[in-house]
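Encoded as structure tokens, the structure appears first; notes follow it.
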Amino acid sequence: MHSSEDSVPQRGVPMSSPDLTDAERQAVLEVLQTRRLSIGPQLEAFERAVAEYVGARHAIGVSSGTAALHLAVRALGIGDTDRVITTPFSFVASANVLLYERAVPVFVDVDPRTGNLDSEQVQQAAEALDGHSGEGDWLPPRGAPEGGQLKAVLTVDVFGQPADYDALQAVAQAHDLRLIEDSCEALGAVYRQRPAGTLGDLGAFAFYPNKQITTGEGGMIVTQDDELAGLVRSMRNQGRAPGDTWLEHTYLGYNYRMSELNAALGRVQMGRLDELLERREQVAGWYQERLDEIPRVERLSIMPSTTRMSWFVYVIRLDADVERGALAQRLEKLGIPSRPYFRPIHLQPFYRERFGYEPGAFPVAEDLGRRSLALPYSGVMTEAQVDQVCAALREALAAS
Ligand SMILES: *Cc1c(COP(=O)(O)O)cnc(C)c1O
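Per this note's numbering, the very first residue in the sequence shown carries number 8; after that it's consecutive.
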């Protein structure tokens, strides 16, 4: 439906925009005056800023959010045949990182209000898989080797709202599971006074240009655990342990480093995070007021446990009788891009083929996937642009 991720219609509103100032441009230029272009003072400062902001002992910068999640999985020793409970309603990377290690994603359906993991079903799945009784109800139709061990829960803070962590942490504790928090959409969010990213053993953030802050490409892992932090630090840098020389490699590692250019950008963006989140909140508020007046459109529910929402995308839910594809085409003609959000992971062709999933496996995730539409959204949108989008939405809906 959309020719390119960054296509900006001539007279329309862009799908998303980074919020960059001269301070970011200056910081990147200053790095170019030095000879240190990778693993240097910019990365250290950026890591420190993220660690301080979320109150984590360690923050380790990497080349993408996907790399952050992959190293979290590796650091916990999750591997061949291991099972990890996770959500089908997410960006595909949160499940792909399990496949990189030949682990088995055990999908569980989501809460219709938020799109986050349904913690009651997580508990039921953990009970069945831990005791190996009735596990067939939860495992994928095929592709899960017999006797695999349940090791972890990988949660996603969808659209910038933390999942139900009181319940999820209780399940992890009861069944001796590790908890990985994919907070790639939720930097700055807060759950019952506790910052997103710090609610599991390891948390991951991402800095692609449409995220709350950007480094162009980049990611960060946060943790309180010294040992896990050491492993992640080593694995991002070709498996060099502290004390190893450039050509000594204690562990199997990767080149998941973040360059100083990216880190400088991130350092300045981190200093502006509260300002950026406030602007995003304001734009979301403008949408909210207008959408309340538009029939056949529902907004996302914000749970009482969400002390602070960190708005990532602005997603609406259409009534079941609205044909989403046709609506999106009408919007496009009016200069307004939009995106279906998300196509559930278990129905992606690769997952269907490998694990035998069919439509109907996770009805809530599928229903959200069918009815959700992301509207243009960023912290640099003006109120006039929000008006333009909402007027177009009204017009397109009237014709639907
Ligand atoms: C963006 C995102 C990622 C991956 O981040 P990249 O930096 O693009 O690799 C992972 N999980 C979720 C839920 C995301 O939204």
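Just so it is clear, CB atoms sit at the ideal spot from N, CA and C, and this is done for glycine as well.
All figures in this text were calculated on a predicted structure; none of them were measured in a lab.
- In this structure, residue 397 has its beta carbon at no less than 6 Å from each heavy atom of ligand 1.
- By the Cβ neighbour-count rule, residue 340 is exposed, with fewer than 16 other Cβ atoms within 10 Å of its own.
- Within the region 310 to 343, the complete beta strand (DSSP E) segments of 3 residues or longer fall at 313 to 315 and 321 to 325, listed in chain order.
- Residue ranges of uninterrupted alpha helix (DSSP H) with 4 or more members, entirely inside the region 33 to 63 and ordered along the chain, are 48 to 61.
- Scanning its chain for C-beta atoms nearer than 6 Å, with the 5 sequence neighbours on each side dropped, one finds around residue 217 the residues 23, in chain order.
- Inside the region 209 to 240, DSSP marks whole beta strand (DSSP E) runs of 3 or more residues at positions 209 to 213 and 226 to 230, from first to last along the chain.
- The beta carbons of residue 371 and residue 147 sit no closer together than 7 Å.
- Less than 7 Å divides the Cβ of residue 195 from the Cβ of residue 219.
- With a cutoff of 6 Å, residue 196 does not count as near ligand 1, since its C-beta is closer than that to no heavy atom of the ligand.
- The closest heavy atom of ligand 1 lies less than 6 Å from the beta carbon of residue 192.
- Of the candidates 55, 358 and 211, the residue whose Cα lies closest to the Cα of residue 164 is 211.
- With the rule of 3 Cβ pairs closer than 8 Å, the region 49 to 66 counts as touching the region 258 to 272.
- Exclusion of residue 369 from the 6 Å shell around ligand 1 follows from its C-beta lying no nearer than that to any non-hydrogen atom of the ligand.
- When the beta-carbon positions are compared, residue 129 and residue 92 come within less than 7 Å of each other.
- Selection 174, 283 and 103 evaluated against residue 357 yields 103 as nearest (Cα-Cα).
- Using a Cβ distance threshold of 7 Å, residue 240 and residue 67 count as a contacting pair.
- According to the DSSP assignment, residue 357 belongs to the alpha helix (DSSP H) that extends over 356 to 362.
- The DSSP-derived three-state label of residue 189 is strand.
- Looking at 99, 105, 266 and 301, the one whose alpha-carbon comes closest to that of residue 88 is 105.
- Of the residues assessed, residue 228 falls on the buried side of the cut-off, its CB having 16 or more other CB atoms within 10 angstroms.
- In the DSSP assignment, residue 273 falls outside any beta strand (DSSP E) and lies within the alpha helix (DSSP H) extending over 267 to 278.
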